[in-house]
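To start, the structure under review is shown below, and the notes come after it.
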Amino acid sequence: MTCQDYKDFMMGYLDNELDEAQKRAFESHLSGCPECRREIEEFTKLKRITDDVTLVEPEDRLWQQYWGRLYNRIERGIGWMVFSVAGILLLIYGGFTAIESVIRDPAVGVLLKVALLALLTGLAILFVSVLRERIYFRSRDRYKDVRR
Amino acid sequence: MKDAYFIALGLVGNREDALELSQEAFYRAYKHFDQLNDQERFFPWFYQILRNLCFSHLRKRRLRRAESLDELDSEPPQFGPADAFDPEMVAERNESKDRVWRAISRLDEKHREVIVLRHFRQLSYDEMARVLFCNRGTVTSRLYYARQRLKEILEGSPETDGFADGSADELRKGGQRV
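One line per chain: the protein sequences are E and P, in this order.
Taking this note's numbering, I'd label the letters of the first sequence as residues 1 to 148.
Taking this note's numbering, I'd label the letters of the second sequence as residues 1001 to 1178.
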């Protein structure tokens, strides 16, 4: 094995992640390879000074508030969702009522009624087209079941 | 909860962002819980959500910084250094620890995360392979290059945080000894 092959062992040796046989093989390589010995010494020092760095533990109050804040976020998310759905339903209902009143109004000209109907037909076609495309691609998406 | 917070802290470097991002990760995990195929693999799945949030947050932060510098018609932005890593986040601070913390902030995302998982959360190689969705060999190799880069930064290029204290000298001597 070359030094390059033993480099794969170097991190494992440093972090105590090698099995006994690998450890022995690496140590035996180290005893005859000054270059790898120098490198492992440097990495050992680096590991020591990096391990010395510990992060500040936040105060208890913060942990106590943690789930409360998360719960608030979930609650607000649900609130916004219900609000949006209701808003969309109301908009649809209001739109249809307004259109119906325009269509039924004898005072409104035929041309305006035809234009309005054409606008609605166009919107319906666009909606169905986008929906069909989404369904088509979703059914053929090879990655939709990729494990997350 | 603590794991999520400390991982986020290691990736983004300040308390407010780490809190916000770890809570957002829990919120998204809750919202998309049905997408988790195997509940025993919750942590790797959750970790992916958290890391993606953290890295996307860092990219936005850099972009904002670049834009504000652009507006000021200043020098071109330099990505990476310090990256708003708050030195106050290091416990029992001293010069050496501050330098290591700043050096970690200069690592690229892929290398920073292996250092954080190994040194701040003490994950084994197998655990790291599971959360990173890669094999042990990839973990070993990423750690090798991450530490190599960390060593280079600490040994000090002119514009970086050279090791001015004992640890640096120790490292340098180590490099010259043989």
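Even for Gly, the Cβ is constructed at its ideal location relative to N, Cα and C.
Unbroken alpha helix (DSSP H) run spanning residue i, endpoints
i	result
M1128 (chain P)	1125-1132
H132 (chain E)	Per the sequence shown, residue 132 (chain E) should be read as Arg rather than His. Taken as a continuous stretch (DSSP letters only), the alpha helix (DSSP H) holding R132 (chain E) covers 110-140.
G94 (chain E)	60-104
C36 (chain E)	34-51
V1012 (chain P)	1002-1012
L1150 (chain P)	1136-1155
M1089 (chain P)	Where M1089 (chain P) is concerned, there is no enclosing alpha helix (DSSP H), given that its DSSP letter is neither H nor E.
R1102 (chain P)	1095-1105
A1018 (chain P)	1015-1031
R1112 (chain P)	1109-1115
M10 (chain E)	3-14
Cutoff 7 Å; reference residue i; Cβ partners in own chain excluding five residues on either side
i	result
R1149 (chain P)	L1107, H1111
L1036 (chain P)	F1042, W1045
CB contact flag (residue i, residue j, <8 Å)
i	j	result
L1053 (chain P)	I1007 (chain P)	no
T1140 (chain P)	G12 (chain E)	yes
V1116 (chain P)	G1013 (chain P)	no
T50 (chain E)	A1091 (chain P)	no
Y979 (chain P)	I74 (chain E)	There is no way to answer for residue 979 (chain P), as the model of chain P reaches only from 1001 to 1178.
A1146 (chain P)	V1114 (chain P)	yes
L14 (chain E)	K45 (chain E)	no
L126 (chain E)	I99 (chain E)	no
H29 (chain E)	Y66 (chain E)	no
R1189 (chain P)	P58 (chain E)	Chain P is shown from 1001 up to 1178; residue 1189 (chain P) falls before or after that span and cannot be answered.
F43 (chain E)	Q22 (chain E)	no
Same chain, Cβ closer than 8 Å to residue i, neighbours up to 5 away in sequence not counted
i	result
A1129 (chain P)	N1135, R1136, T1138, V1139
T2 (chain E)	none
F1133 (chain P)	P1044, Q1048
E17 (chain E)	M11
C33 (chain E)	C3, Y6
R1028 (chain P)	I1049, L1053
V102 (chain E)	V108, L112, K113, L116
E1024 (chain P)	L1053
Cutoff 6 Å; reference residue i; Cβ partners in own chain excluding five residues on either side
i	result
P1087 (chain P)	D1098
D1017 (chain P)	none
Any C-beta of chain E within less than 7 Å: which residues of the region 1098-1109 of chain P qualify?
Along the region 1098-1109 of chain P, going in chain order, the ones with a CB nearer than 7 Å to a CB of chain E are V1100, W1101.
The region 8-34 of chain E: which residues have C-beta closer than 8 Å to a C-beta of chain P, in chain order?
D8, M10, M11, G12, D15, E17, P34
Please list the residues of the region 102-127 of chain E that have a C-beta atom closer than 9 Å to any C-beta atom in chain P, keeping them in chain order.
none
Taking Cβ-Cβ distances below 8 Å as the criterion, which residues of the region 31-60 of chain E are in contact with chain P?
P34, E35, R37, R38, E41, E42, F43, K45, L46, K47, I49, T50, D51, D52, V53, T54, L55, V56, E57, P58
Contact list for the region 60-94 of chain E against chain P, Cβ threshold 8 Å
L62, W63, Y66, W67, R69, L70, R73, I74, G77
Check each residue of the region 1132-1149 of chain P: if its Cβ is closer than 8 Å to any Cβ of chain E, include it; give the result in chain order.
G1137, T1140, S1141, L1143, Y1144, R1147
What residues from the region 1047-1063 of chain P come within 8 Å of chain E, judged by C-beta to C-beta, listed N to C?
Q1048
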